Amino acid sequence: MQVDLFDFELPAGSIAQRPVSPRDASRLLHVQGNALSDAYVADLPGLLKAGDIVVFNDTRVIPARLKGKKGEGAIEVTLHKRAAPDTWHAFARPAKKLKAASHIEFDDGLAADVLEKLDAGEVVLRFNKGGADLMRSLEKVGAMPLPPYIKRENLADAKDDEAYQTMFAQIPGAVAAPTAGLHFTPGLIDALTEKGIAHTTLTLHVGAGTFLPVKVEDTTDHKMHAEWGEIPQGAADAINAARKAGGRVVAVGTTSLRLLESAADDDGTLKAYSGETSIFITPGYRFKITDMLMTNFHLPKSTLFMLVAAFSGLETMKAAYAHAIDAGYRFYSYGDATLLEKSP
């Protein structure tokens, strides 16, 4: 499909720069076919049914954005995929200053050598620390890797350290938040449980590639970055049991949906899973297991807008986004959310 089909105009003032408080006070646009209903995230228990199961991503965002120096020149890198305990793929700015064997110095005695220079500003870095030692240094000198449309004078600030993690964050490894999960609070989870709505977690370490624009003209020419994920046996069993009893599978976030769809058999049976996925979902895809999707508003011509168009219909989603813009919804990572019903 032509990428231009997924374009739309978004006023700059619609892009949220900070989240609302409390988290579940965000607005929620419920999309059921051509019907659009305005609600709030706190209303979610009334929009789901007893027996449904809600699936969250428990990945934890690491402080993956670093400022360093190559000689006297400033270099900024954002880690996006671990290759080994001491080796990461990263996006560098300005990448033109780097070549294979370039040496970058960071604070806290942290340093890295460029093993390889790839396309589109991507490099492979080998650090002088690995594993837990590297994570400790990142916690000291790194910053939350906020997407480029969230503007800060410098790196992410102390408020972002808390705001850009979900309440489910357990397994370190993501370099972007599974943002639909940012809307949830313990009180909202209690309300879902009281309604008889179950929940479980999986892990997909979101990569910085999620922010990359689609630069090709046709979707068939776009290459997705691979991301690592895991579905424990207990989560697979809980989801299969809910489906067997007639419950719906509600994915919170495109990350949860992509891993569910990667691991499910054609008949919708879910298996335990551990490995990478580079699934790219566009209109025409047949969803195997996901019945509903809660997700934030996405960028024009992005792979994530293509995914929601596949889930609920391209014209439906264009109409939903136009309504959201007119109604003052807040867009992107710190913005409001949608609750989407799967199109027939």
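Going from the sequence shown to this note's numbering is simple: count from 1 and add 185. Backbone N, C-alpha and C fix where the C-beta goes; we use that ideal spot for every residue, glycine too. Predicted model only: the values in this text are computed from it and were never measured.
| said: For lysine 456 and phenylalanine 496, I'd like the C-alpha separation in whole angstroms. | reply: A straight line joining the alpha-carbon of lysine 456 with that of phenylalanine 496 spans about 22 Å.
| said: Please classify arginine 515 as buried or exposed, where buried requires at least 16 other C-beta atoms within 10 Å of its C-beta. | reply: Buried: at least 16 other Cβ atoms inside 10 Å.
| request: Please confirm if the stretch 212 to 221 is in contact with the stretch 278 to 289, defined as three or more CB-CB distances below 8 Å between the two stretches. | output: Contact annotation: the stretch 212 to 221 does not touch the stretch 278 to 289, with fewer than three C-beta pairs closer than 8 Å.
| query | Can you tell me whether phenylalanine 193 is buried or exposed, with buried defined as 16 or more other CB within 10 angstroms of its CB? | reply | Classified as exposed, phenylalanine 193 has fewer than 16 neighbouring CB atoms from the shown chains inside 10 Å of its CB.
| request: Can you tell me the Cβ-Cβ gap for alanine 376 and proline 230, rounded? I've got them flagged as a contact below 8 Å. | output: The Cβ separation is near 5 Å, so the contact holds.
| said: Taking the straight line between their C-alpha atoms, what separation do you get for leucine 323 and valine 308? | reply: If you draw a straight line from the Cα of leucine 323 to the Cα of valine 308, it is about 18 Å long.
| query | What's the gap between the Cα of alanine 365 and the Cα of methionine 479? | reply | Roughly 7 Å between the two C-alpha positions.
| query | Cβ of arginine 278 within 7 Å of Cβ of glutamate 261? | reply | A contact, by the Cβ cut-off of 7 Å.
| message | Going residue by residue through the stretch 325 to 388, where are the continuous beta strand (DSSP E) segments of at least 3 residues, counting only ones entirely within it? | response | Qualifying beta strand (DSSP E) stretches, in chain order: 356 to 359.
| Do threonine 388 and threonine 244 have their C-beta atoms closer together than 7 Å? | Yes, the pair counts as a contact, with Cβ atoms nearer than the cut-off.
| field | Reference leucine 331; option with closest CA among Ala361, Arg321, Lys325 and Glu338 | value | The residue with the shortest Cα to Cα distance from leucine 331 is Ala361.
| said: Cutting at 7 Å between CB atoms, please list the residues of its own chain near leucine 426, excluding the five before and the five after it. | reply: Correcting the residue identity first, residue 426 is alanine in this sequence and not leucine. If the five residues before and after alanine 426 are omitted, its C-beta is found closer than 7 Å to no C-beta atom of its own chain.
| query | With 16 as the cutoff for other CB atoms within 10 Å, does asparagine 481 come out buried or exposed? | reply | By the 10 Å Cβ count, asparagine 481 comes out buried.
| message | Between leucine 435 and aspartate 237, how many whole angstroms is the CB-CB distance? I'm expecting something under 8 Å. | response | Rather than leucine, the amino acid found at residue 435 in this sequence is valine. For valine 435 against aspartate 237, the beta-carbon gap comes to about 6 Å, under 8 Å, which counts as contact.
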